[in-house]
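S.K.:
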Amino acid sequence: MLNIITMTQSISSFMFLCLAFVWAVSASMAASIDPEQAFRHPSQDAKPGVWWHWMGSNVSREGITRDLEEFKAAGVASATIFGMADVCTPWAGHIENSPTDGLLAFTDPWWKLVRHAAAEGKRLGIDVGIHNCPGYTSTGGPWITPELAMQQIFHSRVDIDGGIAFSDVLPKPEIDPRGDMLFPMINKQTGALEKPIIEGRKTFWRDIAVLAVPAEGVIAKDRIVDLTKRMDASGRLRWKAPEGGKWTIYRFGHTTMGALTQPNQWEIMGLECDKMNEKAVTFHLKHVIGKLKEHLGPLVGTGLQHMLLDSYEAGTPSWTPLMPQEFAQRRGYSIVEFLPTFAGRVVASEADSAKFRADFDRTISDLYRDVLFQVMQRMLREANIRFVCEPYGGPFHTGEVAPYVDRVMTEFWAADAFRAEVQSGIQHAGAGRRHNILEAEAFTGAPDQVSWTETPAWLKTVGDGAYLAGINRFILHSNPHQPWSDRFKPGMTMGQWGSHFGRTQTWWQPGKAWIAYLTRCQALLQWGELATDDGASFDLLDGNVQPRSVHRTDGKSHVFFVAITAAEQGKALGSFRVGSLQPELWDPVTGSMRELTDFRIDGKTLRLPLDFAAGQSHFIVFRKPASAAVTTARNFPCSIEPMGIDNPWQVTFDSKWGGPKQAVTFRELTDWTSHADPRIRYYSGTAVYRTKFDVERGLDLPRLLHLGTVHHLAQVRINGKDLGVVWCAPWQVEIPAGLLQPTGNRLEIAITNTWANRIIGDEQEPDDCEWLNGHAHPGRYLKRFPDWFVKGQNRPSSGRYTFATWNYFHKDSPLMRSGLIGPVRLMIPDRKQTASEVPEGAFAESFLNPSSEDAFEAELPHPSKAASVMAVVESGLTQDAAAPDAIRNGTTRNGSGSAVTLDDGKTFRQYGKGSQLLFQFASSGVAIGEIQSFAGHRDARASQAYTVWIAKADAPNQFIKVANARVSSQGGATRLCVPIHAKGVVAVRLDFEDGPIGGNVYREIVVLQP
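See the structure below:
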């Protein structure tokens, strides 16, 4: 977790770093599994993991087992333990009066709990790991002494005149006893936010060299006098300066930087070890691995399987004891003569001094690579523990250290600014070991991004952007350990950091559908190799957000993840450079797989119309030759609405979380937050909607249930059958054949929202906890666990239902829209319908060639299938109101009548800008199968958009909306089909919504019988 922030910076200025590529593993390993097998039966590596923050002393065996069992049930495959402070404020905060006060991370009682976690993880098949030290930064602990800690160079100076015989003790430099660290700490005595005093900076000192140089100007190398051996153990120097001028005597030495591990419990904060000192790194790892072996025994490597080094936040040291030797060996010259540059002096020349500083920085980077990363890799492999690391943020080159890591990680935050794409802050060189899995600390958040307000649908667009950047496994941040009874929810938090995952989240159970989505995505994004050429491009046909894709292949088959990373719908024409292969759509939300049949092949490019609901994603898979006969069945059929479900609903809330005890009748679907009853207005959790409906005779049985607007997840049952969880667009479920009956169908929809409203509702009540303000963002954390909580008593404020260690809200905080808003509709999709979006020059050139004989006429069915139309009535502005009726053979055409339109004397009509068209049939009604329309436009837009209404014989003056039909193009031609499937129709009305049609437009509309 990269927390580079100052007290004056806003959290919105945080930028997360993302590795911009994935090293590919050899095809023989990565592509040995068929993509269908990977999709249907994902591996453990394809499942997400969690960072499992154990907050301070608040850990219990029972809670560990409950957490891990819930991870297993949800499909979470790994859990990384962190020994944290009680709360992150964002700094290390302490909460008094803990029920388990006195438990300290990385001490023997704590290691026994780690053993329990490892044993339970092995039992459940969960990969349990641990961060290598207390807190999340970086490598160290109270076992690190000042001489093994990160080091910092200092100097003192004495100025003398030339010719003077100096004999005195050289002073040591004045050193600020407060640690040189990136972040402040909370003073546990005063509560003040400050950098702590480090005793080692007062007591530990090692000399490096004593140099005398001319007091002014650029220092020539031959004027540097090394006096190191002339100073005795007491620091006394005896030396006579050369005659003439003034001289400066520098005493260079080093002490600990004073950087501490954090944010962990105050009692176990310790110094960061020297990352460039093999002795120090080895000592640190021997201590930690030794404790693991002592307490876990054979569970090391089998129960506890990985160790993490989080993103680097320990600062940059300026010394290590072996720096002179290492520098000389690596750079080929002595560091001693350039030590005056640390005092701000120039040696030899500005260019020479700049070169030295670059060489010095390069040496630090080399030592981090050769010591910290190589020693960790070697020692962890010897212990049979996998080395996991976010290798960035420090004074080293990511591309050089990553080859020594077994599993590379990056991170991304749940911030709106990163919805469009995951930022790429680090570019790998791509050398060294090859990685096929790139993990990410996923959805890390701050209070202005996530505050019990995050939902799977909201997280999806951010996560899809991460997938498009090359990440293919999420490690969810954060899942704090929950040590207490379910009576106390949402319970333990990490403080101000992290999205909220885990068993106390309101949507944890229905959210398993989102976990399944992540798993399917990651299974395919780990399959094969990341293609060097994306192999796809997209022409936006409708909408504002361009789809993007990432491409994986084994050389024969191709898998494209295609997504719109914004909550907007759209249509696009995809061009895939895969040759003559059959396109398939694999839906990671539902797990369904189907062939797509509306496509064209142009040489090595396959062109494929794609539709996207808001923020939707698809896997487009090519793995076998294309069908010999390409049909024009629409890839994404429009759906018509045969009926809405407008009956009253009986809604049951959970009274344990403040809801009404009895079911409430909703005569219409409304937002809970607008309800007059505060028990509903402030409700959080799951409420179950129940109603019954009949299926109108004469209609094909519906195949889809569309829920309309949902806040935020919906589990659907019809006639007792569980149809799954709806958590993202298109907010619908398929209805299995044979499930519906003509009358008395039972519909049950369980809606789950977030915790926000219940917590805000609790803020209307008297408080029964003591709070302290956070230090970087609005919000409060517990000062102490209240006695009623510790003793298991009834809480004094009986109107409060929630309990958490961090509170984002106050009584006037805005509520989150919640509940089932609808409209809930039964829908009929028709995969026979056609709708090819054809930009100019794509698919069929004859569409655009005026010399082609009646090219447009061939695009619609033969008029013998047309319904018998009694009359056609038009409305709106027309160009020629006196023109003959525009009806012939059941077809109407319109246009401006210029030379490029096909005026064949059959069905042409000059009206161009009509806004409505009404087809009237016999008063007894006719059966309507579908409406088809075709539009051609030589050099401009050929879009079509209609609202379609029908009236029936039993109510001839009452029009029912059955479809919103739309197809978009920037030129050429379009064809659109709208299924109706209705009997007894006396009229069909089309409202034109595509604006003025303009010149040179040729439109044909036909109403067809079944």
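Just so it is clear: in the sequence shown, position 451 is 452 by this note's numbering, and no numbers are missing.
Note that CB positions come from ideal geometry on N, CA and C, so glycine has one too.
Please read all numbers here as calculations on a predicted model, not as lab measurements.
Using a Cβ-Cβ cutoff of less than 7 Å, which residues in the same chain neighbour GLY245 once the five nearest sequence positions on both sides are dropped?
M.R.: GLY163
S.K.: When you compare only the Cα positions, how much space is there between ARG1012 and VAL409?
M.R.: The shown model of the chain, from 2 to 1011, leaves out residue 1012, and the question about it has no answer.
S.K.: For the beta strand (DSSP E) containing VAL129, name the first residue and the last one.
M.R.: 128-132
S.K.: On the premise that PRO824 lies in contact with GLY1, defined as a C-beta separation below 8 Å, what is that separation, rounded to the nearest angstrom?
M.R.: A question about residue 1 goes unanswered here, because the residues of the chain that appear run from 2 up to 1011.
S.K.: What three-state label does DSSP hand MET182 in the structure shown?
M.R.: coil
S.K.: Take PHE613 as the anchor and find which of ASP788, TRP732, PHE502, SER354 has the nearest alpha-carbon.
M.R.: TRP732
S.K.: Quick check: the region 679-695 against the region 475-483, are there 3 or more CB pairs under 8 Å?
M.R.: no
S.K.: Do you know how far the Cα of GLY930 is from the Cα of ASN958?
M.R.: About 21 Å.
S.K.: Taking just the CA atoms, how far does ARG595 sit from GLN583?
M.R.: 11 Å
S.K.: So what does TRP248 bridge to, in DSSP terms?
M.R.: ILE161, PRO215
S.K.: Using the three-state DSSP reduction, which class does ASN958 fall into: helix, strand or coil?
M.R.: strand
S.K.: So, with DSSP's three-state summary, where would you put LEU816?
M.R.: coil
S.K.: Just verifying my parser: in three-state terms, what is the DSSP assignment at PHE810?
M.R.: Note: PHE810 maps to coil in three-state DSSP.
S.K.: Specify, as a first and last residue, the run of the alpha helix (DSSP H) that CYS390 falls within.
M.R.: CYS390 -> not in any alpha helix (DSSP H); beta strand (DSSP E) instead, spanning 387-390.
S.K.: Can you say whether LYS572 is buried or exposed, counting buried as having 16 or more other CB atoms within 10 angstroms of its CB?
M.R.: buried
S.K.: Are PHE562 and PHE502 closer than 8 Å when you measure CB to CB?
M.R.: no
S.K.: Exposed or buried, what is GLU455 when buried is set at 16 or more other beta-carbons lying within 10 Å of its beta-carbon?
M.R.: Buried is the call here.
S.K.: What residue does the alpha helix (DSSP H) around LYS461 start on, and which one ends it?
M.R.: That run of the alpha helix (DSSP H) goes 457-469.
S.K.: Could you check where the beta strand (DSSP E) with MET644 kicks off and where it finishes?
M.R.: 640-645
S.K.: Should THR321 be counted as a contact of the ligand HEM given a C-beta to heavy atom distance under 7 Å?
M.R.: Judged by which ligands are present, the structure shown has none, so any question about the ligand HEM falls away.
S.K.: For a cutoff of 8 Å on Cβ pairs, would you count LEU783 as touching chain C?
M.R.: Note that chain C does not occur in the displayed structure, where there is just one protein chain.
S.K.: By how many angstroms is the C-alpha of GLN190 removed from the C-alpha of ALA260?
M.R.: Whole-angstrom Cα-Cα distance: 20 Å.
S.K.: Look at the alpha carbon of THR653 and the alpha carbon of ARG718, and state the distance between them as a whole number of angstroms.
M.R.: Rounded to the nearest angstrom, the two C-alpha atoms are 15 Å apart.
S.K.: Quick check: the Cα distance between PHE397 and LEU368, rounded to an integer number of angstroms?
M.R.: 9 Å
S.K.: Return the residue from the list THR317, THR806, PHE339, PHE413 that minimises the CA-CA distance to ILE760.
M.R.: THR806
S.K.: Beta carbon of TRP267, beta carbon of HIS156: below 8 Å?
M.R.: Note that the C-beta distance between TRP267 and HIS156 is not below 8 Å.
S.K.: With distances taken between CB atoms, is the gap from VAL546 to GLU530 smaller than 8 Å?
M.R.: no
S.K.: Take the Cβ of PRO264 as the centre, count every other Cβ of all protein chains shown within 10 Å, and call the residue buried at 16 or more, exposed below.
M.R.: buried
S.K.: Using the Cα positions of GLN1010 and LEU991, report the straight-line distance between them to the nearest angstrom.
M.R.: 17 Å
S.K.: Using the beta-carbon count (16 or more within 10 Å), is ILE1006 buried or exposed?
M.R.: buried
S.K.: Whole angstroms are fine: how far does the CA of MET828 sit from the CA of ASN636?
M.R.: 17 Å
S.K.: Between LYS222 and the rest of its own chain, which residues show a CB-CB distance below 8 Å, the 5 nearest in sequence each way excluded?
M.R.: GLU338, VAL348, ALA349
S.K.: Counting Cβ pairs closer than 8 Å, one from the region 319-333 and one from the region 267-285, do we hit at least three?
M.R.: yes
S.K.: Quick one: using the 10 Å Cβ neighbour count with 16 as the cut-off for buried, is ASN774 buried or exposed?
M.R.: Of the residues assessed, ASN774 falls on the exposed side of the cut-off, its CB having fewer than 16 other CB atoms within 10 angstroms.
S.K.: Using 8 Å as the threshold, is the C-beta distance between LEU708 and ALA715 below it?
M.R.: yes
S.K.: Taking the alpha-carbon of VAL1018 as reference, which of LYS722, GLY745, GLN742 has the nearest alpha-carbon?
M.R.: In this structure the chain extends from 2 to 1011, so residue 1018 is not present and cannot be described.
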